[in-house]
Each structure stands twice: as C-alpha cells, then as structure tokens.
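To start, the structure under review is shown below, and the notes come after it.
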Amino acid sequence: MSKLHLHHLEKSRSFRILWLLEELELPYQLTKYERHHGLAPKSLQKIHPMGKAPILQDNGKTLIESANIIEYLIDNYDQLSDQQDAQPISQLVLNKKFRPDYGSEAYEQYRYWLHFTESSLMPLLIIRLLFATMIEKSPIGIKQVAKLLKSGIDKSYLNHSLTEQLKMLDKHLGSNEWLAGNQFSGADIQLEFGINAMQETHSLEAKYANIHNWLKKCQARPAYQKAVDKC
C-alpha cells in the first residue's frame, strides 16, 4: 500500500490533487466518497475535523486545502533531475517540473495565479451557485423574490467583478502558454476546476478564446485523462 492516500469527493476540488498525483506519476491509494444531499459525507470528519475534501495523508501527516496540498506535493515529490548533492533548501525551491524556480518572474506568476483561484474567482462562482440553488429550491411564493435579489447582486457586483477577472485572465493567456509563462504548473491545475465548472454551466463566453484554448490544453494532458478515468 502506498504511503500517499488521497480521500477524494466526487465532483469536488479534490480532483486537482488526483490530477497532480497522476502528473507526478506517484503511487497512491485512492478512497472515493459520494455526496449525500449535495454535501460531503460525515465519514470524512473521522479523517479531518473539517470533513471536507481533498484530504491527503502521507506518513502520518494529514493535509487539507488544495493549494496547500499542491505545494506540499511539489515540495516533496517533484524533481526534474537528480538533486542528491543539492542543499535541502535548493531541493525545495529549484528544479521543479510543476513550479518555476523560486525568485524567477515565472514563479511570481505561478504564486499569484495559484492563490487567485480560491481568493478571487471561486468566491464569485460559489455565490452564483448558492443563488441558483436557492432559486431552484424556493417555494413558488419566494422564488420571484429570490430572482430579484439575485438580479440585484448580479448587476451591482457579481457580473462586473467576474468580467474583469476573466478579461485579465484571457489577456494573460494571450501572451503566455500557461499561467506561469511557458511552464505548465500547479497553478494551472488549481485554476482548471473553476474554469471547467464555468464551461460546463455554459457561463464561459466564447469571446474568452484564450481561456477556452488553455482549458482544452489542460484537459488534453494524459495525466488529466487518467484522473478523469479514476473519478
């Protein structure tokens, strides 16, 4: 049994970690969980008090949060070449396949986009999802009020904020093959989940051609396809 153990919730952010494990070609144990009434099962709380996925266990360590796990795996398991003679700090920050070298301009891009996903983009997508769910499940007498509330938030904040973010991302991808320049990285893995969700709900407009092309390249990667097959 592998020392790496991923607890994966269907249709969740934990797909990111499954994908990275396949990119790194690491052996791992996979335990899959189904949602109960749209939520993570309580059994995940036995592994971590937060009860959310992804959860990665590694030799007695239990890690949560996608970006944290991505950084952990790259720090400890990503190595472009033999670094046995390198100093420990060099092994952590240099010569990585899925992260640019620390201190480079590409690294600054990597770090920004890695945190952009959950700090900027995902909160907006979650607000959209919550309103859609509220409208769907509201009684007939409340449904119209919920629609009006959603329309007001869309017009006053959500639509403009999301448009500005997508314009910025599309412009960046117009002059960069990947988020961190020419190097595919953990930042691409982190962002794909949110952009894919937009595409699947038909809310990613065709005018963002560079984002669409980037998404196709992500999903064409062999490791991505292997991860999909294991979901």
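Residue numbering for the sequence shown follows the UniProt record's numbering, starting at 1 and increasing by one per position.
Quick reminder that beta carbons are idealized off the backbone N, C-alpha and C, glycines included.
Of the residues Phe184, Lys32 and Lys217, the one whose Cα lies closest to the Cα of Arg13 is Lys32. Closest in alpha carbon position to Ile211, among Glu200, His172, Lys230 and Tyr224, is His172. Between Leu124 and Leu162, the CB-CB gap stays under 7 Å. In the structure shown, Asp188 falls within a helical segment according to DSSP collapsed to helix, strand and coil. Annotated as proximal: Ile55 and Ile64, with beta-carbon spacing under 7 Å.
Spatial neighbours of Ser120 in its own chain (CB-CB distance under 8 Å, excluding positions within 5 residues in sequence) are listed in chain order as Gln165. The Cβ atoms of Glu10 and Ala227 lie no closer than 7 Å to each other. Listed in chain order, the alpha helix (DSSP H) runs fully inside the segment 107 to 169 are 122 to 137 and 140 to 153, counting runs of at least 4 residues. Contact annotation: the segment 100 to 107 does not touch the segment 141 to 156, with fewer than three C-beta pairs closer than 8 Å.
Ala209 counts as exposed, since fewer than 16 other C-beta atoms from the protein chains shown sit within 10 angstroms of its C-beta.
In the structure shown, Ile47 adopts coil according to DSSP, grouped into three states. In the same chain as Met198, and ignoring 5 residues on each side of it, the C-beta atoms closer than 6 Å to its own belong to Leu204, in chain order. Per DSSP, reduced to three states, the secondary structure at Asp229 is helical.
Under the three-state reduction of DSSP, His172 is assigned to helix. DSSP places Tyr72 inside the alpha helix (DSSP H), whose first and last residues are Ser66 to Tyr77. Here the alpha carbons of Lys96 and Met122 stand approximately 27 Å from one another. With a cutoff of 7 Å on beta-carbon distance, Gly186 and Ile70 are scored as near each other. When the beta-carbon positions are compared, Ile189 and Arg16 come within less than 7 Å of each other. Within its own chain, the residues whose Cβ lies closer than 7 Å to the Cβ of Asp58, once the five positions on either side in sequence are excluded, are Lys3 and Leu4, listed in chain order.
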